[in-house]
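First the structure, in the form of structure tokens, and then the observations on it.
Numbering (our numbering), first residue to last: 12 to 268.
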């Protein structure tokens, strides 16, 4: 299975030189990338940019405000560049205050999924750790998994945030088989106890294979979860990010996943 990279890891490099950065990504050996921005390029230019470097983008990240304001245009762009998945990336605090907010999001995401489905694209939801904080007696992550129709909304499991929340990704693969076609693969440094507070900050993240997560176990179970694509990611790097993603690639390649 081709090894992918979530380009957010290289956001600073991409802001300076999109073409040069993608050339280095391809030189490392990555074949697939997940987008989080269009870098000011129209769909034709984006397709050419990826093709020139031998890269494909199976998925891209979006936010609720895009769903609520210009979703048809976002879908048109995504279809033009060949995305197979459009993924809600994150929820802002004001969007997840109580259970009613999550009920509203079920409606928002269901409608978003209906629209992407018409275009031949699957909608999905990407987690952090706050979805595991009980709200009015309910775990939001489980609530979303059970209330959202699998035909309309699938899930991109961020294995780091599931682990950092104190939960086990494999348990979710087993309980909700087939719901996780996309995975984020990023490692957790030792010395950080589980938390439900969203605390993305330098010092938490390690290159894949350099932290505490048992990747062999996760990849053995991931097919039951429905894995079709996975992306290395590192929110913050203590060495140049391109060096970090090379280390992660080499480890993942050694697993021959």
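For glycine and all other residues, C-beta sits at the position ideal for the given N, C-alpha and C. Quick caveat: nothing in here was measured; it's all calculated off a predicted structure.
Check: Would the segment 146 to 164 and the segment 114 to 128 be scored as touching if the rule is three or more Cβ pairs under 8 Å?; Outcome: yes
Check: What ranges does the alpha helix (DSSP H) occupy inside the segment 162 to 196, keeping only unbroken runs of at least 4 residues that lie completely in it?; Outcome: 170 to 175 and 180 to 186
Check: What did DSSP end up calling residue 72 once you bin it into helix, strand or coil?; Outcome: strand
Check: Between residue 48 and residue 200, what straight-line distance do the alpha-carbon atoms span, to the nearest angstrom?; Outcome: 28 Å
Check: Would you list the one or two residues that DSSP bridges to residue 99?; Outcome: 73 and 136
Check: List the endpoints of the continuous beta strand (DSSP E) containing residue 236.; Outcome: Looking at the DSSP string, residue 236 is not in any beta strand (DSSP E); the run it does join, the alpha helix (DSSP H), is 226 to 236.
Check: Identify the continuous alpha helix (DSSP H) that holds residue 116 and give its terminal residues.; Outcome: 110 to 129
Check: Tell me the DSSP bridge mates of residue 199?; Outcome: 216
Check: Let me confirm a value: residue 95 is counted as buried when at least 16 other C-beta atoms fall within 10 Å, else exposed. Which label applies?; Outcome: buried
Check: Please state whether the Cβ-Cβ distance between residue 198 and residue 211 is less than 8 Å.; Outcome: no
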